[in-house]
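All remarks here apply to the structure that follows.
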Amino acid sequence: MKVKLDDLAQVIQKELEQYQKLTNEQIKVTVKEVGQETKARMQSTAPKRSGRYRNSWVVTTTKENRNSMNVVVHSRNQYQLTHLLEFGHAKRNGGRTTAIPHIAQAEQEAVTSFENKVKEILENG
Numbered sequence: 151m152k153v154k155l156d157d158l159a160q161v162i163q164k165e166l167e168q169y170q171k172l173t174n175e176q177i178k179v180t181v182k183e184v185g186q187e188t189k190a191r192m193q194s195t196a197p198k199r200s201g202r203y204r205n206s207w208v209v210t211t212t213k214e215n216r217n218s219m220n221v222v223v224h225s226r227n228q229y230q231l232t233h234l235l236e237f238g239h240a241k242r243n244g245g246r247t248t249a250i251p252h253i254a255q256a257e258q259e260a261v262t263s264f265e266n267k268v269k270e271i272l273e274n275g
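Okay, here's the thing in structure tokens:
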């Protein structure tokens, strides 16, 4: 492809915009994938007594525009229990319950997974 020197800036700008659009789409797909993986991880590691808490985890897209996307993995209707189960709590007659850490581990795995997948996308272009 031959480009005149006067048109070089426009051609580079066009290629960069095309690259940005492609990588944004791939990263949005990755955000959704990591969100679903985290939800599955939360459901598998969450404490199970009746199963309602374990099954309450959902992925919600909170913001999406042309350049970014935010998803949140949260407990739909058992959100009051998340902190109590993660860190333990005081009992009515004294003492404390045992903490069942399951959110922090899933969060760290999600961050690592997302970073690795984005690096792979950017390296393979």
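Position 81 (the sequence shown) corresponds to 231 in the numbering used here; numbering is contiguous. Every residue gets a Cβ at the ideal spot worked out from N, C-alpha and C, and that includes glycine.
Quiz item: Going by Cα to Cα distance, which pick from T180, K154, V161 and L158 is closest to S218?
Solution: T180
Quiz item: Considering only C-alpha positions, which residue in the set V209, D156, S200 and R199 is nearest to A190?
Solution: V209
Quiz item: What do you reckon, are the CB atoms on R202 and Q228 nearer than 9 Å?
Solution: yes
Quiz item: Where DSSP assigns a beta bridge to T210, which residues make up the other side?
Solution: V222
Practice problem: Answer with buried or exposed for A256, where buried requires no fewer than 16 other C-beta atoms within 10 angstroms of its C-beta. | Solution: buried
Self-check item: Bridge partner(s) assigned by DSSP for T246
Solution: According to the sequence provided, residue 246 is Arg. The question's Thr does not apply to it. According to DSSP, R246 bridges with A240.
Quiz item: Under the three-state reduction of DSSP, which class applies to H233: helix, strand or coil?
Solution: helix
Quiz item: Of all the options N266, E273 and E259, which has the alpha carbon lying nearest to the alpha carbon of E187?
Solution: E259
Self-check item: Cβ-based neighbour list, T248, same chain, cut-off 7 Å, excluding 5 preceding and 5 following
Solution: G238
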